[in-house]
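Q: If you scroll down you'll find the structure; I have some questions about it.
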Amino acid sequence: MNTHQKFKTYVPGQHVVRGIPFKAHKIDGFTPEMLEQHFEQVYGGAVRRLNEIEKQIARDDRNDALLAEHLTVANLVILHELHFLSLGEEGGEELSDSALTQAIEAVFGSVAAWRVEFSSMATLGEGGWAILAWSDRFGRLMNVRTIDSAQFLSDAVPLLVLDMGEHAFSGDFGLDRMGYVSAFLQSVHWVRVAERFHRSLGGAVVNEKADPNQISISELKDSLDRGDDVLVLDVRHDDDCERYRNRIPGSEWHDSFDVAAWANDLPKDKPVVVYCMYGFWVSQKAAEELRMYGINARSLSGGVTAWRAMGYSSSSDIE
Ligand SMILES: [Fe+2]
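Residue numbers (this note's numbering): 1293 to 1611.
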């Protein structure tokens, strides 16, 4: 978005249905009657209800129940549109987008394994939605199963949406949920799904570049659990030690104001991890100084605060 972008003036209650994005008689395994009924009655009904709710809110005639319904109905509109967009004519498209394929493989191992998990989640419970979504926060694709349309992972971008409401399949499939899910997955419009995926990646840090001079909490935890020969040093300032008197187990305190006094006593042949309270400049600066003495030192990202937040054990050896 550029700074000159114009935003449309919001007028409540002006939503219009978005047309069915396919010729209904060309979706394999589905009858046009069922798809059209779903589109006109359920999706159309959600759009109409959303307009009413918006107008009511604009009149200042609002209450908790209405605001909750607003969220549900707004999601019903969005999810139905994405459900229809997820379907492609004549067996859909093959998944040929390499980035989306890799993102699926990174989480599920393979596209086939993703399909198995998605199908089993979709058929678990009645109603609701099965959604393949991208989360910026978690930096990965997720299969999200929601029964309540108002409940959805807050930063997730839904990519592939499958309506599990009985109205979406019973006309053609009876109560055969798995038959419905299989037919749907046979007809996915992967080109559109992949387009949404690429748009959703706008702000995501997909491959966060690790700072070689820092070690993550989980990396240190794994290393200590394995019994690796690593020297862990607490370089917190006195007042931080006062506030939180526990240490990461096995660590010793050293004075970060006088690294020169102790740097040469450290072994040069083993990895050293220094931590402070939050992992900012105290430990980073100490590690940097230690490296000048030829010590293989890294600072702990997030510091002892992050260690605590993970619930990892600490020893209380500060007297
Ligand atoms: Fe529906």
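Quick reminder that beta carbons are idealized off the backbone N, C-alpha and C, glycines included.
Let me confirm a value: Val1497 is counted as buried when at least 16 other C-beta atoms fall within 10 Å, else exposed. Which label applies?
A: Taking the first residue of the sequence shown as 1, we reach residue 1497 at position 205. Model confidence at Val1497 stands at a pLDDT of 49, short of 50, so the residue's coordinates are unreliable; what they give is reported in the following sentence. Exposed.
Q: Thinking C-alpha only, which one of Pro1559, Asn1505 and Trp1426 is nearest Leu1445?
A: Residue 1445 sits at position 153 when you count from the first residue of the sequence shown. The option with the nearest alpha carbon to Leu1445 is Trp1426.
Q: Could you check where the beta strand (DSSP E) with Thr1438 kicks off and where it finishes?
A: Counted from its first residue, the sequence shown places residue 1438 at position 146. Taken as a continuous stretch (DSSP letters only), the beta strand (DSSP E) holding Thr1438 covers Arg1432 to Thr1438.
Q: Our contact map puts Gly1594 next to Tyr1570 with C-beta atoms below 8 Å; I'd like the distance itself, whole angstroms only.
A: Against the sequence shown, residue 1594 aligns to sequence position 302. Against the sequence shown, residue 1570 aligns to sequence position 278. Confirmed, about 7 Å.
Q: Tell me whether Arg1539 sits in a helix, a strand or coil according to DSSP, three-state version.
A: Here the question's residue 1539 lines up with position 247 in the sequence shown. Here Arg1539 sits in strand by DSSP.
Q: Can you list, in chain order, every residue whose CB sits closer than 6 Å to a heavy atom of ligand 1?
A: Those residues are His1330, Val1334, His1372, Asp1455, Gly1457, His1459 and Ala1460, given in chain order.
Q: Please determine, among Gly1463, Val1436, Ser1462 and Phe1461, the residue with the shortest C-alpha to C-alpha distance to Pro1450.
A: On the sequence shown, residue 1450 is found 158 positions in, with the first residue counted as 1. Checked all of Gly1463, Val1436, Ser1462 and Phe1461; the closest Cα to Pro1450 is Val1436.
Q: May I ask which residues mark the beginning and end of the alpha helix (DSSP H) holding Leu1342?
A: Locating residue 1342 in the sequence shown gives position 50, counting from the first residue. Counting along the chain, the alpha helix (DSSP H) containing Leu1342 begins and ends at Gly1336 to Ala1350.
Q: CB-CB under 7 Å to Glu1511, same chain, minus the five flanking residues each way: which ones, in chain order?
A: The residue given as residue 1511 occupies position 219 in the sequence shown. The beta carbon of Glu1511 lies closer than 7 Å to none in the same chain, with the five residues before and after it left out.
Q: Counting only runs of 3+ residues fully inside the segment 1534-1592, write out the beta strand (DSSP E) ranges in chain order.
A: 1564-1567 and 1589-1592
Q: Terminal residues of the continuous alpha helix (DSSP H) containing Asp1517?
A: Stepping through the sequence shown from its first residue, residue 1517 is reached at position 225. Unbroken alpha helix (DSSP H) run through Asp1517: Ile1509 to Arg1518.
Q: Specify the secondary structure class of Asp1526 as computed by DSSP and reduced to three states.
A: Counted from its first residue, the sequence shown places residue 1526 at position 234. Reduced to three states, the DSSP call for Asp1526 is strand.
Q: Give the DSSP-derived three-state secondary structure of Ser1411 in the structure shown.
A: Translated into the one-based positions of the sequence shown, residue 1411 becomes position 119. Here Ser1411 sits in helix by DSSP.
Q: Comparing alpha-carbon positions, which option in Leu1424, Gly1457, Arg1484 and Arg1590 lies nearest Ala1448?
A: If you number the sequence shown from 1, residue 1448 lands on position 156. Among Leu1424, Gly1457, Arg1484 and Arg1590, the Cα nearest to that of Ala1448 belongs to Leu1424.
Q: For Asn1556, does the count of other Cβ atoms within 10 angstroms reach 16, so buried, or fall short, so exposed?
A: Along the sequence shown, one-based indexing puts residue 1556 at 264. By the 10 Å Cβ count, Asn1556 comes out exposed.
Q: Could you tell me which uninterrupted beta strand (DSSP E) segments, each at least 3 residues in length, are contained entirely in the segment 1349-1397, listed from first to last along the chain?
A: none
Q: Could you name the residues that DSSP lists as bridge partners for Trp1426?
A: Here residue 1426 is taken as the residue at index 134 of the sequence shown, counted from 1. In the DSSP output, where bridge partners are listed per residue, Trp1426 has Leu1433 and Val1449.
Q: Taking one C-beta from the segment 1411-1422 and one from the segment 1503-1519 each time, how about it: are there three or more such pairs within less than 8 Å?
A: no
Q: Going by C-alpha distance, which of His1330, Val1574, Trp1482 and Lys1347 is nearest Asp1389?
A: Here residue 1389 refers to the residue found at position 97 when the sequence shown is read from its first residue. The shortest C-alpha separation from Asp1389 is found at Trp1482.
Q: Assuming contact is defined by CB atoms lying nearer than 8 Å, are Arg1432 and Ala1398 in contact in what I supplied?
A: Taking the first residue of the sequence shown as 1, we reach residue 1432 at position 140. Taking the first residue of the sequence shown as 1, we reach residue 1398 at position 106. Contact: yes.
Q: For Val1303, collect the residues of the same chain with a Cβ closer than 8 Å to its Cβ; drop the 5 residues on either side in sequence, then sort them by chain order.
A: Sequence index remark: in the sequence shown, residue 1303 carries index 11 (1-based). There are no such residues.
Q: Let me know if Leu1467 comes out buried or exposed under the rule of 16 or more other beta-carbons within 10 Å of its beta-carbon.
A: Indexing the sequence shown from 1 puts residue 1467 at position 175. Exposed.
Q: Nearest-angstrom Cα distance between Trp1554 and Asp1520?
A: Numbered from its first residue, the sequence shown carries residue 1554 at position 262. Numbered from its first residue, the sequence shown carries residue 1520 at position 228. Each residue's alpha carbon lies about 23 Å from the other.
Q: If we call anything under 8 Å between Cβ atoms a contact, is Leu1592 one with Ile1509?
A: Here residue 1592 refers to the residue found at position 300 of the sequence shown. Here residue 1509 refers to the residue found at position 217 of the sequence shown. Yes, they are a contact pair.
Q: Need the endpoints of the alpha helix (DSSP H) that Thr1597 sits in, please.
A: In the sequence shown, the residue the question calls residue 1597 occupies position 305. Per DSSP, the unbroken alpha helix (DSSP H) holding Thr1597 starts and ends at Gly1595 to Ala1601.
Q: Tell me, please, which residues DSSP counts as bridged to Trp1421.
A: Taking the first residue of the sequence shown as position 1, residue 1421 is located at position 129. Answer is Thr1438 and Asp1455, bridged to Trp1421.
Q: Give the range of the alpha helix (DSSP H) segment to which Gly1466 is assigned.
A: Translated into the one-based positions of the sequence shown, residue 1466 becomes position 174. Unbroken run through Gly1466: none, as it is neither H nor E.
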